[in-house]
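Numbering (this note's numbering), first residue to last: 129 to 234.
Beta carbons: idealized from backbone N, C-alpha and C, even for Gly.
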């Protein structure tokens, strides 16, 4: 519950609460399975807020009004002959976050 609370506060760009209670966090969240992804999320979200230029390097494509079939056809057409890996991990999910490094290895 504690890790979920802090993860929610990170999404609201509230880092001060985590920083204020870091000693309590390290004392009570002892499982690396929960602690490590929480720390990684904190560092990543804080970096994005403090250095917004990091986000500006992303390649974005507006697909809000496109049906999923068109989106998939566009992805397949753009990457013909290539292996396509689609990752549906949630950034708010601690177990999902722990799998991110494995996704990068693929």
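Does the separation of the CB atoms of residue i and residue j fall below 9 Å?
{"i": "residue 218", "j": "residue 162", "result": "no"}
{"i": "residue 176", "j": "residue 143", "result": "no"}
Take residue i as the anchor and find which of the options has the nearest alpha-carbon.
{"i": "residue 152", "options": "131, 142, 231 and 175", "result": "131"}
{"i": "residue 146", "options": "156, 159, 155 and 170", "result": "170"}
{"i": "residue 129", "options": "206, 203, 159 and 216", "result": "159"}
{"i": "residue 180", "options": "141, 207, 220 and 213", "result": "141"}
{"i": "residue 216", "options": "157, 199 and 227", "result": "227"}
Is it right to say residue i is buried, meaning 16 or more other beta carbons lie within 10 angstroms of its own, or is it exposed?
{"i": "residue 225", "result": "buried"}
Q. Does the pairing of the region 133-144 with the region 163-183 give three or more beta-carbon distances under 8 Å?
A. Output reads yes: the region 163-183 touches the region 133-144.
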